[in-house]
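Asker: One structure coming up, written as structure tokens, with questions to follow.
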Amino acid sequence: MEQRTWKRDSLALDVEIRMWRPAGEEILCCKTLDVSLGGAELLTHNVTFPKHRVLEIRFSELNGRGLKQSRILGKFIRKTNGGIAIQFRKANNDTLKILQALMVKDRINKKKIEKLKYGLAG
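Under my numbering, the letters of the sequence shown match residues 41 to 162, in that order.
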């Protein structure tokens, strides 16, 4: 059984992957399939990178003050059935807090949907 440092949540976030090539910066728009504070699986179509390729992952969050864009550096770990696995390398505490808040908010919303689905009160 696989041991993980961080709990993985199925979470669909719109993200941009930015990578640097000799010809310049390339941007790929995709969605997360699941996220943890240590990394993410991203839904991509026939995209791969050299192992350990450094990438910048950007995601946006709508808060009371408008749209806030956050960035996390990561590295390509492997190709998966649905896309690619990224391990986060460097993220400041604010970015990790935002990511964690999005994960918690998503968990709460899923619980509410389950309650509505089965007609449970509360």
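By construction, the Cβ of each residue, glycine as well, lies at the ideal position given by its N, Cα and C atoms.
What does Gln109 pair with, by DSSP beta-bridge criteria?
Answerer: Sequence index remark: in the sequence shown, residue 109 carries index 69 (1-based). Bridge partners of Gln109: Ser100.
Asker: Under 8 Å, do Met143 and Asp54 count as touching if we go by C-beta distance?
Answerer: As a first step, residue 143 must be located in the sequence shown, where it is residue number 103. As a first step, residue 54 must be located in the sequence shown, where it is residue number 14. Not a contact, by the Cβ cut-off of 8 Å.
Asker: Can you tell me whether Gly64 is buried or exposed, with buried defined as 16 or more other CB within 10 angstroms of its CB?
Answerer: Translated into positions along the sequence shown, residue 64 becomes position 24. When all chains shown are included, Gly64 counts as exposed.
Asker: Just the Cα atoms here: how many angstroms apart are Pro62 and Lys155?
Answerer: Locating residue 62 in the sequence shown gives position 22, where the first residue counts as 1. Locating residue 155 in the sequence shown gives position 115, where the first residue counts as 1. For Pro62 and Lys155, the distance between alpha carbons rounds to 51 Å.
Asker: I need the boundaries of the alpha helix (DSSP H) containing Ala141, first residue and last residue.
Answerer: Taking the first residue of the sequence shown as 1, we reach residue 141 at position 101. Counting along the chain, the alpha helix (DSSP H) containing Ala141 begins and ends at 133–157.
Asker: Among Arg147, Lys108, Leu68, which one has its Cα closest to the Cα of Val75?
Answerer: The count along the sequence shown starts at 1 and reaches residue 75 at position 35. For the residues Arg147, Lys108, Leu68, the minimum Cα distance to Val75 belongs to Arg147.
Asker: In this structure, does DSSP put Thr45 in helix, strand or coil?
Answerer: Position 5 of the sequence shown, counting from 1, holds the residue named residue 45. The answer is coil: DSSP assigns Thr45 none of H, G, I, E or B.
Asker: Is the region 133–143 touching the region 115–124 in the sense that three or more CB pairs, one from each, lie closer than 8 Å?
Answerer: Judged by pairs of C-beta atoms under 8 Å, the region 115–124 does not touch the region 133–143, as fewer than three such pairs exist.
Asker: Could you check which residue in Trp60, Lys47, Trp46, Ala52 has the C-alpha nearest to that of Lys115?
Answerer: In the sequence shown, residue 115 corresponds to position 75, counting from 1. The option with the nearest alpha carbon to Lys115 is Trp60.
Asker: Have a look at Asn133 and Ser110 and give me their C-alpha separation to the nearest angstrom.
Answerer: As a working mapping, residue 133 is identified with position 93 in the sequence shown. As a working mapping, residue 110 is identified with position 70 in the sequence shown. Asn133 and Ser110: Cα-Cα distance of roughly 11 Å.
Asker: Helix, strand or coil for Thr72? Go by DSSP, reduced to three states.
Answerer: Residue numbering aside, residue 72 sits at position 32 when the sequence shown is read from its first letter. Here Thr72 sits in strand by DSSP.
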